[in-house]
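With full-length UniProt numbering, letter number 176 in the sequence shown gets 176, and the count goes up by one each step, no holes.
Working notes for the structure below.
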Amino acid sequence: MSKPTASLDQAQFRRFDESRHNDWVIIDRHFHHYQADACRRVLVHLERLRGDHHGYPVDRYEHSLQTATRAMRADADEETVVCALLHDIGDDLAPANHAEIAAAILEPFVDPLNAWMIRHHELFQGYHYRQFYGQDRHARDAWCDHPAYQRTVRFCDEWDQTSFDPDYDTLPLATFIPMVERVLSRAPFGGLPSVEDTCPAPSNSEESRV
1 MSKPTASLDQ
11 AQFRRFDESR
21 HNDWVIIDRH
31 FHHYQADACR
41 RVLVHLERLR
51 GDHHGYPVDR
61 YEHSLQTATR
71 AMRADADEET
81 VVCALLHDIG
91 DDLAPANHAE
101 IAAAILEPFV
111 DPLNAWMIRH
121 HELFQGYHYR
131 QFYGQDRHAR
141 DAWCDHPAYQ
151 RTVRFCDEWD
161 QTSFDPDYDT
171 LPLATFIPMV
181 ERVLSRAPFG
191 GLPSVEDTCP
201 APSNSEESRV
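See below:
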């Protein structure tokens with residue numbers, strides 16, 4: 001049986017060192033189209049936390065919404081509210097290292113201090129329970145001179161660790177969707193170059209010599 005022929009909307013190489021300019025134009029267009037759909041995919045994954053309570057009083061979905069609700073009601077800025085909503089989104093894939101997953105998703109679109117806050121929130125949150133595991137609950141104080149220390153303490157102490165209340169009047173996801181759309185529609189890392197804008201297409205003779 002013959003192998004299927006690659007679409008004209010796909011690159012034509014088998015290895016990177018065989019690639020040509022037009023291959024990367026095609027890939028780059030797909031990347032930007034895929035990136036534009038980031039909000040939908042992130043929210044679909046957030047929905048996967050429904051029913052996943054891990055023994056806590058509320059499931060991870062309710063906890064995420066509740067944390068974002070508390071942040072919004074405390075007049076946190078929109079970016080911080082989005083961070084609050086998505087801070088535990090990695091629990092489904094990497095429960096032992098979930099903060100890294102959330103930080104990696106948010107980092108291209110948010111202030112570096114907010115990305116740091118999300119990356120370290122599990123350590124800071126430990127202030128409230130590490131003693132039950134025989135660990136140092138003050139471990140977060142090793143970062144007391146970091147510029148994001150106070151915001152991370154506030155995030156954990158006022159919003160995250162308080163958001164396991166089954167009776168809290170949590171706002172629905174629909175409240176936060178426009179915020180997530182605005183934050184995740186930002187240019188990643190302030191703007192990634194496109195192949196067509198930064199590298200003019202070579203002539204056929206030039207490309208054949210590459």
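Just so you know, even glycine gets a beta-carbon here, dropped at the ideal spot from N, CA and C.
Because the structure is a prediction, the values reported are computed rather than measured.
Out of curiosity, what's the CA-to-CA distance linking Tyr133 and Gln125? Taking the first residue of the sequence shown as position 1, residue 133 is located at position 133. Taking the first residue of the sequence shown as position 1, residue 125 is located at position 125. Approximately 13 Å, taken between the alpha carbons.
Measure the CB-CB distance between Ala103 and Ala115 and report whether it falls below 8 Å. Position 103 of the sequence shown, counting from 1, holds the residue named residue 103. Position 115 of the sequence shown, counting from 1, holds the residue named residue 115. Yes, they are a contact pair.
Measure from the alpha carbon of Ala76 to the alpha carbon of each residue in Arg154, Ser185, Tyr168, then state which is nearest. Residue numbering aside, residue 76 sits at position 76 when the sequence shown is read from its first letter. Closest option to Ala76, Cα to Cα, is Arg154.
Using the Cβ count rule (16 or more neighbours within 10 Å means buried), how would you classify Leu65? Indexing the sequence shown from 1 puts residue 65 at position 65. Buried is the call here.
Within the continuous alpha helix (DSSP H) that includes Glu107, where are the two ends? Looking up residue 107 in the sequence shown gives position 107. Note, Glu107: premise wrong, no alpha helix (DSSP H); not H, not E.
Tell me where the alpha helix (DSSP H) around Gln125 begins and ends. As a working mapping, residue 125 is identified with position 125 in the sequence shown. Note, Gln125: alpha helix (DSSP H), 112-125.
On the CB-based measure, 16 or more other CB atoms within 10 Å of its CB, does Phe109 come out buried or exposed? For the purposes of this step, residue 109 is taken as residue 109 along the sequence shown, with counting starting at 1. Phe109 comes out buried.
Check this for me: beta carbons of Phe164 and Tyr61, under 8 Å apart or not? If you number the sequence shown from 1, residue 164 lands on position 164. If you number the sequence shown from 1, residue 61 lands on position 61. Not in contact: Phe164 and Tyr61 (Cβ atoms no closer than 8 Å).
Take the Cβ of Leu8 as the centre, count every other Cβ of all protein chains shown within 10 Å, and call the residue buried at 16 or more, exposed below. For this step, residue 8 is matched to residue 8 along the sequence shown. Exposed.
Can you check which of these residues, Asp169, Val81, Glu122, Arg20, is closest to Ala139 by C-alpha distance? Within the sequence shown, the letter at position 139 stands for residue 139. It is Glu122.
Between Val25 and the rest of its own chain, which residues show a CB-CB distance below 8 Å, the 5 nearest in sequence each way excluded? As a working mapping, residue 25 is identified with position 25 in the sequence shown. If we look at Val25 and ignore the five residues flanking it on each side, its Cβ neighbours are Val195, Glu196, Ala201.
Whole angstroms are fine: how far does the CA of Ala11 sit from the CA of Glu100? The residue you call residue 100 lines up with position 100 of the sequence shown. The residue you call residue 11 lines up with position 11 of the sequence shown. Straight-line Cα distance between these residues: approximately 32 Å.
Use the C-beta contact count for His54: other C-beta atoms within 10 angstroms, 16 or more gives buried, fewer gives exposed. Taking the first residue of the sequence shown as position 1, residue 54 is located at position 54. Classification of His54: exposed, given that the 10 Å Cβ count is below 16.
Does DSSP put Ser64 in a helix, a strand or coil? Within the sequence shown, numbered from 1, the residue matching residue 64 stands at position 64. Helix at Ser64.
What's the gap between the Cα of Ile27 and the Cα of Val81? Position 27 of the sequence shown, counting from 1, holds the residue named residue 27. Position 81 of the sequence shown, counting from 1, holds the residue named residue 81. Approximately 33 Å, taken between the alpha carbons.
State the Cα-Cα distance for the pair Tyr129 and Arg15, rounded to the nearest angstrom. As a first step, residue 129 is located in the sequence shown; it is residue number 129 there, counting from the start. As a first step, residue 15 is located in the sequence shown; it is residue number 15 there, counting from the start. When rounded, the distance between both Cα atoms is 50 Å.
Cβ neighbour criterion (16 or more within 10 Å) applied to Arg40: The residue given as residue 40 occupies position 40 in the sequence shown. It is exposed - the Cβ of Arg40 has fewer than 16 other Cβ atoms within 10 Å.
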